[in-house]
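Take a look at the structure below.
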Amino acid sequence: MYRQQTVGVVVPAYNEEGFVGEVLETMPEYVDRIYAVDDTSSDGTWEEIRRTAAKLNEKARADETPPVTADGELARRRDDEATTAATDGGPVFDRRVVPIRHETNRGVGGAIKTGYLEALEDKIDITAVMGGDGQMDPDILPRFLDPIVEGEADYTKGNRLLHQEYRQGMSRWRFFGNSILTFLTKIASGYWKTMDPQNGYTAISYHALETVGVEEMYEYYGYCNDLLVKLNARGMRVADVAMPAVYGDEESSIEYPTYIRKVSGMLLQNFFWRLKTRYLVLDFHPLALFYLFGASTCGVAVAGLLWSLYAWLMLAYPLFVRGSLSLLLFITGSLFVLFAMLFDMQVNESREVQLHD
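When we follow UniProt numbering, the leftmost residue of the sequence shown carries the number 1, and every step to the right adds one.
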């Protein structure tokens, strides 16, 4: 336990042979439950998970076994201790590491979803996510747990962009792509201060995990962006935790053109879903109507400008009046969109925290 809170860690792994075993072995002692999820790897990842899990579970059982007394009361003592632990609210688990293997590949989001559902069933107070590639430092896990334990946040996530020295290990291509997705995620999620939404080092409270509807979580690489949108729709507080970018010898399986296309489309759908759920269904705020009117007006203005250009070039119609009206309409629509963004920032300002070192 960590500060009287049970802690679970989901470790998604896909072709992480040579890395995932060390991730499991270096997990802090206060972690009560580790969900190691192999997403149908084609290498020896599953065998490494099973082998390491067996070793760690055996060690955990040995550490918990009381000494045998001369009168053979071992079994009774173990039963009494288990009863006492349950009464005191402490964790009573049959094993520390839970190896799980998907029958079909579901993506990293699917692997994390599987771990989250197991954590919900075990009623874990705080569930973190640490990748099976060894890029996430287990020593800084308390930075993610403390804001939740202290009631400052419901969800914490890493941020490699907050300090220049922290993003030195990130290539220019990664930084460029991350910056674009950061901006799109700000709009879609409503967390306007949040940065580095692609960061998979996270922790979430049991309340947030139970409330957010994890069963519907996106299963591709954009799962973290999707989860932020769902958290905002439920009014959860999110904290950014400053951390350095770390890249090792592992090879990324991300195909960036496909990745950006899929995640951008998902964010657009989630944006409209969040506006409907948060500001029209669960509550009401005119910013949703501002967004709708502004976007519609801009669309009409663009269509009008295109028609004006066509009429000018092909039909020799005057351009000035039609073009000016289209431009004025576009400016009006843009102002409504900007006002909607401003209202969105104000509504969510109290639900965002940025944590430095």
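Think of the CB as a built atom: it goes at the ideal place given N, C-alpha and C, for glycine as much as any other residue.
1. If residue 367 and I34 are in contact, beta carbons under 8 Å, what's the gap, nearest whole angstrom?
2. What do you reckon, are the CB atoms on V31 and D133 nearer than 9 Å?
3. From which residue to which residue does the beta strand (DSSP E) around K157 run?
4. Could you tell me which of G222, M195, D226, P12 sits nearest to V241, measuring between CA atoms?
5. Name the residue from A153, L24, M341 whose alpha carbon lies nearest to the alpha carbon of F183.
6. So who's on the other strand from G8, going by DSSP bridges?
7. Can you tell me the Cα-Cα spacing of E121 and H102, whole angstroms?
8. Quick check: what's the CA-CA separation for E25 versus A203?
9. Assuming V238 contacts Y206 under a Cβ cut-off of 8 Å, what Cβ separation, rounded to an integer in Å, is found between them?
10. What would DSSP say about R101, mapped onto helix, strand or coil?
11. Can you give me the Cβ contacts of Q4 inside the same chain, cut-off strictly under 7 Å, excluding the 5 residues immediately before and after it?
12. Can you tell me whether T202 is helix, strand or coil according to DSSP?
13. Within 10 Å of its beta-carbon, does R186 have 16 or more other beta-carbons around it, so buried, or fewer, so exposed?
14. How many angstroms separate the CA atom of G265 from the CA atom of F343?
15. Which class does L162 belong to by DSSP, given the choice of helix, strand or coil?
16. State whether the region 297–308 contacts the region 325–337, with contact taken as three or more CB pairs (one from each stretch) at a distance under 8 Å.
To lay it out plainly:
1. Here the chain has residues from 1 to 357 only, and residue 367 is not among them.
2. no
3. 155–159
4. M195
5. M341
6. R33, T127
7. 18 Å
8. 19 Å
9. Going by Cβ atoms, the distance from V238 to Y206 rounds to 16 Å, so no, they are not a contact pair.
10. strand
11. none
12. strand
13. The residue you asked about is not Arg; residue 186 is Lys in the sequence shown. Classification of K186: buried, given that the 10 Å Cβ count is 16 or more.
14. 24 Å
15. coil
16. yes
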